[in-house]
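A.B. asks: Please find one structure pasted underneath; my questions will follow.
2 protein chains.
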Amino acid sequence: MDPPSLRDNTADVERLLRCLKRVLGEEEVSVGLHLIRRVPRLLRENQYEVQALVHEKEGRGWHLMDIYPTTEEISLYGLAVDLGTSTIVLRLMDLLRGNEVGEVSFLNPQIGAGSDILARIHHAADPRGLQELQQAVAGKMNQEIGRLCGECKVEVEQVVAASLAGNTTMTHLILGLDPYWICREPYIPVTNAPGLVKAEEAGVFIHREAPVFLFPNVGSYLGGDLIAGILACGLHRGDEVSILVDVGTNAEVVLGNRDWIVACAGAAGPALEGGVADMGMMAGPGVIDRVFRDPGSGQFRLRTIESRPPVGICGSGLIDLVAQLFLAGMIDARGKLVPEKCGERLREMDGVAEFVLVPAPDSGSGQDLCLAQTDLDALVRSKAAMYTILTTVLQMVHLTPKDIRNFYVAGTFGSYIHPPSAVTLGMIPDLPLETYRPLGNTSLAGASRALVSSVARKEAGIIRNRVTYVELNVNQEFMGLFNAARFIPHTDRGLFPTVKAGSGGVPGVME
Amino acid sequence: MDPPSLRDNTADVERLLRCLKRVLGEEEVSVGLHLIRRVPRLLRENQYEVQALVHEKEGRGWHLMDIYPTTEEISLYGLAVDLGTSTIVLRLMDLLRGNEVGEVSFLNPQIGAGSDILARIHHAADPRGLQELQQAVAGKMNQEIGRLCGECKVEVEQVVAASLAGNTTMTHLILGLDPYWICREPYIPVTNAPGLVKAEEAGVFIHREAPVFLFPNVGSYLGGDLIAGILACGLHRGDEVSILVDVGTNAEVVLGNRDWIVACAGAAGPALEGGVADMGMMAGPGVIDRVFRDPGSGQFRLRTIESRPPVGICGSGLIDLVAQLFLAGMIDARGKLVPEKCGERLREMDGVAEFVLVPAPDSGSGQDLCLAQTDLDALVRSKAAMYTILTTVLQMVHLTPKDIRNFYVAGTFGSYIHPPSAVTLGMIPDLPLETYRPLGNTSLAGASRALVSSVARKEAGIIRNRVTYVELNVNQEFMGLFNAARFIPHTDRGLFPTVKAGSGGVPGVME
Chain A
0 MDPPSLRDNT
10 ADVERLLRCL
20 KRVLGEEEVS
30 VGLHLIRRVP
40 RLLRENQYEV
50 QALVHEKEGR
60 GWHLMDIYPT
70 TEEISLYGLA
80 VDLGTSTIVL
90 RLMDLLRGNE
100 VGEVSFLNPQ
110 IGAGSDILAR
120 IHHAADPRGL
130 QELQQAVAGK
140 MNQEIGRLCG
150 ECKVEVEQVV
160 AASLAGNTTM
170 THLILGLDPY
180 WICREPYIPV
190 TNAPGLVKAE
200 EAGVFIHREA
210 PVFLFPNVGS
220 YLGGDLIAGI
230 LACGLHRGDE
240 VSILVDVGTN
250 AEVVLGNRDW
260 IVACAGAAGP
270 ALEGGVADMG
280 MMAGPGVIDR
290 VFRDPGSGQF
300 RLRTIESRPP
310 VGICGSGLID
320 LVAQLFLAGM
330 IDARGKLVPE
340 KCGERLREMD
350 GVAEFVLVPA
360 PDSGSGQDLC
370 LAQTDLDALV
380 RSKAAMYTIL
390 TTVLQMVHLT
400 PKDIRNFYVA
410 GTFGSYIHPP
420 SAVTLGMIPD
430 LPLETYRPLG
440 NTSLAGASRA
450 LVSSVARKEA
460 GIIRNRVTYV
470 ELNVNQEFMG
480 LFNAARFIPH
490 TDRGLFPTVK
500 AGSGGVPGVM
510 E
Chain B
0 MDPPSLRDNT
10 ADVERLLRCL
20 KRVLGEEEVS
30 VGLHLIRRVP
40 RLLRENQYEV
50 QALVHEKEGR
60 GWHLMDIYPT
70 TEEISLYGLA
80 VDLGTSTIVL
90 RLMDLLRGNE
100 VGEVSFLNPQ
110 IGAGSDILAR
120 IHHAADPRGL
130 QELQQAVAGK
140 MNQEIGRLCG
150 ECKVEVEQVV
160 AASLAGNTTM
170 THLILGLDPY
180 WICREPYIPV
190 TNAPGLVKAE
200 EAGVFIHREA
210 PVFLFPNVGS
220 YLGGDLIAGI
230 LACGLHRGDE
240 VSILVDVGTN
250 AEVVLGNRDW
260 IVACAGAAGP
270 ALEGGVADMG
280 MMAGPGVIDR
290 VFRDPGSGQF
300 RLRTIESRPP
310 VGICGSGLID
320 LVAQLFLAGM
330 IDARGKLVPE
340 KCGERLREMD
350 GVAEFVLVPA
360 PDSGSGQDLC
370 LAQTDLDALV
380 RSKAAMYTIL
390 TTVLQMVHLT
400 PKDIRNFYVA
410 GTFGSYIHPP
420 SAVTLGMIPD
430 LPLETYRPLG
440 NTSLAGASRA
450 LVSSVARKEA
460 GIIRNRVTYV
470 ELNVNQEFMG
480 LFNAARFIPH
490 TDRGLFPTVK
500 AGSGGVPGVM
510 E
């Protein structure tokens, strides 16, 4: 800037804005009172030569966030957040270099009020409960932001932007919005497009002028996390039809291409995440995440996380196990344990048959690790629900599984799942294996893209507007499809030509 | 609004905005998170039939401030504020009816840090001092807003807008902006266009989303109070040339019409406000505000405020007194007391001649009320400065006093001043008396207009851009004019044809 003189006694802020407009064009540039208070000193200390940090506003124009000396090399960071119901992941990114600097994940502290969404909504019905939930998540996030910044040697004030992807309820709770009507007919969120809010307003303490981008929701049951997922996999940009499946308690399915997108969500049951089996648990040290049965010896080989003695099994391990049991003929097409094949591994407990995978002496917990017939039944119901949802969505747009060119599997679970096992069970269609693309945490990937790209943020809005949310109509036709899918792999074996029951055949070799 | 249904499950906020846009056109409507939090309940409690309160934003678009049931009759109020260095005036206005509801004036509590602007700027040099001054004025204003609302039976939350007119330093201090550079070459304010801020940001507690309009400044020495004054008198709309004079310690002079405006300010000295005379005081009970000498009896007739026994004299009374003394020949053209004419009313105190206006027995204070020769000298210097500033500004644009069609006198002092007395002293030009228009508090009048009219707010910006601020160049020519004006009425008697010294003539009859 030209420094002030008696000939040009333009005020400090207007001098700064005049100079900015020369660079940014004639669009309005706003400034907050807090920065205005610091402007005179900052300009004079730096002889009217400064670097300015601006962000694009939602409507049009720019917001001036901060100014820095030109003599300093500035580092700016951003925070991409996957605001999960169970787990929250923070990723710190260098905004100038575009790379990841650090990452941390932790349990969503709202779990104290209940592990599922409905329990949280119930808890928030009381205004104090809502405040509690908002403060719990914001407080924990602030603590973890502090820790992450500390580890990465980044000042919290250098974190100048954030991007949050969460489902509709999580997005409501972080903003202190009452989710009461989300789960009540006709299922109305407070807002589907919170857009940019100030970090301060969301109770997140980073740079005080930092804009926080919240992914828009399509509706009560289709949240910003899935929009972020679509953004990350790029389904909305392809010419061919792709499908994105986020497997969890709720199976979320998105189908489409550059011209159209349909999405639906349905309850698949917690069985797919290993959540119902007695020995089921979330991924952690000693948890079995891969199972392979040697067709020669008939021995089961287990992979555990960190190679510790086995203490339980997670979803991907469970799916492997059941697929292997089926291929070995140890369970039949109805998912029932076959005594003749299971031999001494089969026993009965309280009138329920169970299969002993790891006897107590070999386990890390000192207890038998077993798969009960009831666990198996739940898994079969869940996989049937998953497959029925997939085929129902496909039918709605008059497509069949063969039309799918890319099958993206999202979620932490999705990145561990072994597609051949899931195909063997008939949980997902029998497509060429290269069609399946486990993507890991797509919400976080989408949040990261939105953090560094205004194009990506605009895309999120476009995706939101393009998605047609279809209600799963659980009618007689659906139930018919569901019942047909309650066999392994399916009543119509022609749909799964590569699956050979009782063959002992190996779908993929264990790494 | 159409209530939500399974067919139209638009979220609450988007439903509200969609409806608003139908009324307001396609411009963006923003909403704060605080209102968003209350929206679902408010909509449902009122069956989706509500009244919305919006305000126009600075750039473009609207901001949704609040929603109310349609079943209630809503009252909305606004606050016009004259943020004076000495006195602050609050006027509460009914925004729907457009009328004034109540008014209160009180001393600016910053006076504790010094009565003049420079002392305040000095005090604010320390960040804690700045905060002190900001909090003092905001705190006192909040208290008085509360009291005024209480008296008028208005809820503070019903006050949904405010408009503040103050000089550049006062505007800085209420916003917590450091005024340090205002009084230091090259005289750079932090900002000349604070525009709209949230009430909260200025520390003013009314409706939490209330926009506060701050009049723009032209520069360090020409503040929003004068812009408000111009707006109020309408000088900027006339075809003919008008002049607006705000008489005070600083004489502020604005000259112009619909095509051009020049303004300047110069020190006239506190004498014009009665601030130097021993018996001088601000208007209050018992203060002499009008003086008339009966040419027959030679008796002085005094008008006091509330007709109480006299305790002192204010500016308008002082000007009357000196004009009457001059017309009676009791002071000469140099402003010196003439012993032969003053007779027994003249005495000497510590070597200085003084004129006894009210002897102790007749006064309300039990003390003589006197006008010393030194007071007279100061008054003559001040009136000479005033006249010189006026003529200098006129000369700059090649005009003479005769070209002035409207002579607006602003300020509390300006509304009490008796123009014939001021003409007699040669403080203002000898123009037809109907040219003079005392306007009272033009800052407050301008602030009131800006409060109720978006056109007026835009006009304020236009005025600001049209005003050319001219520095008073105190050079030899100025000093020549000043010296010529140090006579009563002037060395060039031809400039004041209606003034007859020693005539005992009465310029206007006392009401």
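Residue numbers (numbering that gives the first Met the number 0), protein chains in the order written: chain A, 0 to 510; chain B, 0 to 510.
The C-beta atom is built at its ideal place from N, Cα and C for all residues, glycine as well.
Are the Cβ atoms of Val159/A and His206/A separated by less than 8 Å?
C.D. replies: Result yes, Cβ atoms of Val159/A and His206/A sit closer than 8 Å.
A.B. asks: Measuring only between beta-carbons, confirm whether Asn191/A sits less than 8 Å from chain B.
C.D. replies: Yes, contact with chain B.
A.B. asks: Considering Pro419/B, what are the terminal residues of the beta strand (DSSP E) in which it resides?
C.D. replies: Careful: Pro419/B lies outside any beta strand (DSSP E), inside the alpha helix (DSSP H) at 418-424.
A.B. asks: Taking the alpha-carbon of Gly222/B as reference, which of Ala201/B, Leu301/B, Asp258/B, Gly165/B has the nearest alpha-carbon?
C.D. replies: Of the candidates Ala201/B, Leu301/B, Asp258/B, Gly165/B, the one whose C-alpha sits nearest the C-alpha of Gly222/B is Gly165/B.
A.B. asks: In chain A, which residues lie less than 7 Å from Ile512/B when you measure between Cβ atoms?
C.D. replies: The shown model of chain B, from 0 to 510, leaves out residue 512/B, and the question about it has no answer.
A.B. asks: Since Asn8/B meets chain A, which of its residues come closer than 7 Å, beta carbon to beta carbon?
C.D. replies: Those are Pro185, Tyr186, Ile187, Gly218, listed as they occur along chain A.
A.B. asks: Please identify, using Cβ separations under 9 Å, the residues of the stretch 196-214 of chain B that lie next to chain A, in order along the chain.
C.D. replies: Correct list: Val196, Lys197, Glu200, Ala201.
A.B. asks: For chain B, is any of its Cβ atoms less than 8 Å away from the one on Val508/A?
C.D. replies: Any answer about Val508/A is weak, because its pLDDT of 48 lies below 50 and its placement is not dependable; what the coordinates show is given next. Not one chain B Cβ lies under 8 Å of Val508/A.
A.B. asks: Using DSSP with H/G/I as helix, E/B as strand and the rest coil, what is His54/B?
C.D. replies: Three-state DSSP puts His54/B in a strand.
A.B. asks: Consider the Cβ of Gly165/B: report whether some Cβ of chain A lies at a distance smaller than 8 Å.
C.D. replies: Not an interface residue.
A.B. asks: Using beta carbons (cut-off 8 Å, strictly below), is Pro39/B in contact with chain A?
C.D. replies: Taking Cβ atoms only, chain A reaches closer than 8 Å to Pro39/B, which makes this a yes.
A.B. asks: Just to make sure I have the definition right: I need the residues of chain B whose C-beta is within less than 7 Å of the C-beta of Glu13/A. Which are they?
C.D. replies: What Glu13/A touches in chain B: Thr190, Asn191, Ala192.
A.B. asks: Would you mind telling me which residues of chain B sit closer than 9 Å to Gly222/A, beta carbon to beta carbon, in chain order?
C.D. replies: Near Gly222/A there are no residues of chain B at all, since even the closest Cβ is about 12 Å away, more than 9 Å.
A.B. asks: Can you name the residues of chain A whose CB is closer than 7 Å to the CB of Glu27/B?
C.D. replies: Simply Gly58.
A.B. asks: Nearest by alpha-carbon distance to Ser241/A: which of Ala409/A, Gly31/A, Val49/A is it?
C.D. replies: Nearest option by C-alpha distance: Ala409/A.
A.B. asks: Does Met478/A pass the burial test, meaning 16 or more other C-beta atoms within 10 Å, or should it be called exposed?
C.D. replies: By the 10 Å Cβ count, Met478/A comes out exposed.
A.B. asks: Out of Met426/B, Asp125/B, Arg59/B, Pro210/B, state which residue places its alpha-carbon closest to the alpha-carbon of Asp65/B.
C.D. replies: Minimum Cα distance to Asp65/B is reached at Pro210/B.
A.B. asks: Looking at C-beta atoms only, is the number of pairs between the stretch 467-485 of chain B and the stretch 303-323 of chain B that lie closer than 8 Å three or more?
C.D. replies: Too few Cβ pairs lie closer than 8 Å, so no.
A.B. asks: Going along the chain, which residues of its own chain have a beta-carbon closer than 6 Å to the beta-carbon of Glu27/B, five neighbours each way excluded?
C.D. replies: Here the set comprises Gly60.
A.B. asks: Can the beta-carbon of Val290/B be found less than 8 Å from the beta-carbon of Asp319/B?
C.D. replies: Contact: yes.
A.B. asks: Near Tyr515/A, what residues of its chain come up, given a Cβ to Cβ distance below 7 Å and the 5 sequence neighbours on each side ignored?
C.D. replies: With chain A covering 0 to 510 only, the question about residue 515/A has no answer from this structure.
A.B. asks: Going by the beta-carbon positions, is the gap between Gly445/A and Ser414/A smaller than 8 Å?
C.D. replies: Contact: no.
A.B. asks: Going by CA-CA distance only, name the one from Asp361/B, Pro284/B, Tyr468/B, Asp81/B that's closest to Val396/B.
C.D. replies: The candidate whose alpha carbon is nearest that of Val396/B is Tyr468/B.
A.B. asks: So, is Leu95/A buried or exposed, given that buried needs 16 or more other C-beta atoms within 10 angstroms?
C.D. replies: Exposed: under 16 other Cβ atoms inside 10 Å.
A.B. asks: What is the rounded straight-line gap between the Cα of Cys18/B and the Cα of Val252/A?
C.D. replies: Whole-angstrom Cα-Cα distance: 32 Å.
A.B. asks: Using 8 Å for Cβ pairs, my map puts Ser219/B next to Thr167/B. What's the rounded Cβ distance?
C.D. replies: About 6 Å separates the two Cβ atoms, so the contact holds.
A.B. asks: Three-state secondary structure (DSSP) at Gly314/A?
C.D. replies: Three-state result, Gly314/A: helix.
A.B. asks: Where Val392/A and Phe495/A are concerned, what is the direct C-alpha to C-alpha distance, given to the nearest angstrom?
C.D. replies: Near 19 Å, if we compare the C-alpha coordinates of Phe495/A and Val392/A.
A.B. asks: If the criterion is Cβ atoms closer than 8 Å, does the pair Val498/B and Thr423/B meet it?
C.D. replies: A contact, by the Cβ cut-off of 8 Å.
A.B. asks: Run through the DSSP bridge pairs and tell me what Asp65/B is partnered with.
C.D. replies: Answer is Leu52/B.
A.B. asks: May I ask you to report which of helix, strand or coil DSSP gives Gly24/A?
C.D. replies: Reduced to three states, the DSSP call for Gly24/A is coil.
A.B. asks: Measure the CB-CB distance between Leu34/B and Leu63/B and report whether it falls below 8 Å.
C.D. replies: Yes, these two residues count as a Cβ contact at 8 Å.
A.B. asks: Give every residue of the same chain whose Cβ lies closer than 7 Å to the Cβ of Ile73/B, excluding the five residues on either side of it in the sequence, and list them in chain order.
C.D. replies: The residues are Gln50, Tyr67.
A.B. asks: Glu143/B lies in the alpha helix (DSSP H); which residues open and close that run?
C.D. replies: Segment 126-151, the alpha helix (DSSP H) holding Glu143/B.
A.B. asks: Verify whether the separation of the beta carbon atoms of Leu147/A and Val103/A is less than 8 Å.
C.D. replies: Yes; because the gap between Cβ atoms is below 8 Å, this pair is in contact.
A.B. asks: Would the stretch 355-365 of chain B and the stretch 301-318 of chain B be scored as touching if the rule is three or more Cβ pairs under 8 Å?
C.D. replies: In short, these stretches touch, since the Cβ pair count reaches three.
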